[in-house]
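First up is the structure itself, then whatever we jot down about it.
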Amino acid sequence: MKLSKQSLFLALILAGGVALAGGATDPDVKARQELMAANGAAMKTLGGMASAKIAFDAAAAEAAKQVLVANAAGTLEVFKNQASDPAAHANASIWTAWDDFAAKASDMGKAAQDLDTTTAEGIAAGLGAIGGTCKACHTAYKAS
Ligand code: HEC
Numbered sequence: 404m405k406l407s408k409q410s411l412f413l414a415l416i417l418a419g420g421v422a423l424a425g426g427a428t429d430p431d432v433k434a435r436q437e438l439m440a441a442n443g444a445a446m447k448t449l450g451g452m453a454s455a456k457i458a459f460d461a462a463a464a465e466a467a468k469q470v471l472v473a474n475a476a477g478t479l480e481v482f483k484n485q486a487s488d489p490a491a492h493a494n495a496s497i498w499t500a501w502d503d504f505a506a507k508a509s510d511m512g513k514a515a516q517d518l519d520t521t522t523a524e525g526i527a528a529g530l531g532a533i534g535g536t537c538k539a540c541h542t543a544y545k546a547s
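Counted the way this note's numbering counts, the sequence shown spans residues 404 to 547.
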């Protein structure tokens, strides 16, 4: 099969996936939206297993957990510059209430760390706590 330039471009976009999250062009904004999109993907994997929509896979569950643990720590790095972009949804108060923002990222890391990924039931039991930490930060610092 001969790929046209257009379909090749499309294939690259699909392969890039999270790289296009949010549609921002500013590199700092892109980086933080990519990190958040990866959080969303990890939660989707875990939520799918918790609700038996996708088959339980201990290795994949643990990998998703580790993405969340790493991203909670990485959140401060990708948000440290107060960059803006028309496609950004970050409240400016992040940078005036940095300690609270950091504490909310840390809460997410702790909840993710506590997740038992050895069974689907374990995931189901701990997922709500993680989701609560996402929501707490979004309510305070994410513009809709
Ligand atoms: C410490 C704060 C904080 C935590 C914790 C947090 N988020 Fe976010 N999230 C944000 C902010 C701020 C934005 C908006 C970023 C922007 O557009 O500039 C955002 C954006 C997003 C987006 C949209 C990304 C895009 O493509 O534009 C998704 C999806 C998301 N978060 C998922 C999650 C999930 C899932 C969790 C929990 C596992 C989580 N977030 C935890 C602050 C947080």
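Even for Gly, the Cβ is constructed at its ideal location relative to N, Cα and C.
Per DSSP, the bridge partner or partners of residue i
{"i": "Ala-493", "result": "Lys-545"}
Alpha-carbon to alpha-carbon, residue j and residue i
{"i": "Ala-346", "j": "Ile-533", "result": "The shown model of the chain, from 404 to 547, leaves out residue 346, and the question about it has no answer."}
{"i": "Asp-429", "j": "Asp-488", "result": "6 angstroms"}
{"i": "Met-404", "j": "Phe-459", "result": "No answer about Met-404 holds up, because its pLDDT of 42 lies below 50 and its placement is not dependable."}
{"i": "His-492", "j": "Leu-518", "result": "28 angstroms"}
{"i": "Ala-455", "j": "Gly-529", "result": "15 angstroms"}
{"i": "Cys-537", "j": "Thr-522", "result": "22 angstroms"}
{"i": "Leu-449", "j": "Ala-473", "result": "16 angstroms"}
{"i": "Ala-461", "j": "Thr-520", "result": "6 angstroms"}
{"i": "Trp-501", "j": "Gly-525", "result": "33 angstroms"}
{"i": "Ala-434", "j": "Ala-527", "result": "29 angstroms"}
{"i": "Leu-541", "j": "Ala-464", "result": "With the sequence shown as reference, residue 541 is identified as His, and Leu is not the correct amino acid for it. Going by the C-alpha atoms only, they are around 24 angstroms apart."}
{"i": "Ala-476", "j": "Ala-490", "result": "24 angstroms"}
{"i": "Lys-545", "j": "Val-481", "result": "15 angstroms"}
{"i": "Ser-407", "j": "Ser-547", "result": "Reliability of the predicted coordinates at Ser-407 is poor, the pLDDT of 49 falling under 50, and the value obtained from them is presented with this limitation in mind. Rounded to whole angstroms, Ser-407 to Ser-547 spans 37 angstroms at the Cα level."}
{"i": "Ala-444", "j": "Gly-451", "result": "10 angstroms"}
{"i": "Ala-539", "j": "Met-511", "result": "9 angstroms"}
{"i": "Asp-503", "j": "Gly-535", "result": "16 angstroms"}
{"i": "Ser-496", "j": "Gly-531", "result": "26 angstroms"}
{"i": "Met-446", "j": "Ala-486", "result": "26 angstroms"}
{"i": "Ala-505", "j": "Ile-457", "result": "33 angstroms"}
{"i": "Ser-509", "j": "Thr-478", "result": "9 angstroms"}
Buried or exposed by the 16-neighbour rule on C-beta atoms within 10 Å, applied to residue i
{"i": "Lys-507", "result": "buried"}
{"i": "Met-439", "result": "buried"}
{"i": "Gln-436", "result": "buried"}
{"i": "Leu-471", "result": "buried"}
{"i": "Ala-441", "result": "buried"}
{"i": "Ala-515", "result": "buried"}
{"i": "Thr-499", "result": "exposed"}
{"i": "Gly-426", "result": "exposed"}
{"i": "Lys-468", "result": "buried"}
Nearest-angstrom beta carbon gap, residue j and residue i [assumed within contact, 8 angstroms]
{"i": "Asn-494", "j": "Asp-431", "result": "Not really, about 15 angstroms apart at Cβ, beyond 8 angstroms."}
Entirely within the region 458 to 537 and at least 4 residues each: give me those alpha helix (DSSP H) ranges in chain order. 461 to 482 and 501 to 516
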